[in-house]
Amino acid sequence: MKLRFTVPLLVLAMTSSMAAELPAASRAEIDALLNRLGSSGCQFNRNGSWYSSTEAKAHLASKLDYLIDKKKVAGTEQFIALAASTSSMSGKDYLVKCGTAQAVPSSAWLKGELQTIRAKQASVK
């Protein structure tokens, strides 16, 4: 009888520990995105307050570290969706405002930057 319960528990434990790792290519893209944000000079709105681009980079990097530690992120788009689009505390969208341009959702800004990064990578190959 004990064996009937032990085997499913072992299988569950093994599959939980084999959660997806963040591929090196995705990590490189995310690092490039965070570096672009950090050096952009744009402002970042989080929960109704504006922060510098360097503060935004640090905040999103800490969220990335958390997701990696919990094995909850497996790609760049997933990082944007899970960590860089909305506040996990309030649920409010993050915003990016560059210069005098209108503030845009951070997900749109990051996806645009990701397209630029990928286009540059494709032209080098």
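So the sequence shown is numbered by the numbering used here: it starts at 4 and just counts up by one.
Just so it is clear, CB atoms sit at the ideal spot from N, CA and C, and this is done for glycine as well.
Small disclaimer: the values here were computed from a predicted structure and weren't measured.
Please list the terminal residues of the continuous beta strand (DSSP E) segment that includes Gln-46. 46 to 49
Thinking Ile-83 and Lys-114 are a contact (beta carbons under 8 Å), I'd like their distance in whole angstroms, please. 6 Å
Is the segment 75 to 89 touching the segment 26 to 40, taking contact as three or more C-beta pairs under 8 Å? yes
Going by C-alpha distance, which of Ser-90, Ser-126 and Glu-116 is nearest Ser-42? Glu-116
Spatial distance of Thr-89 from Ala-61 (CA atoms): 15 Å
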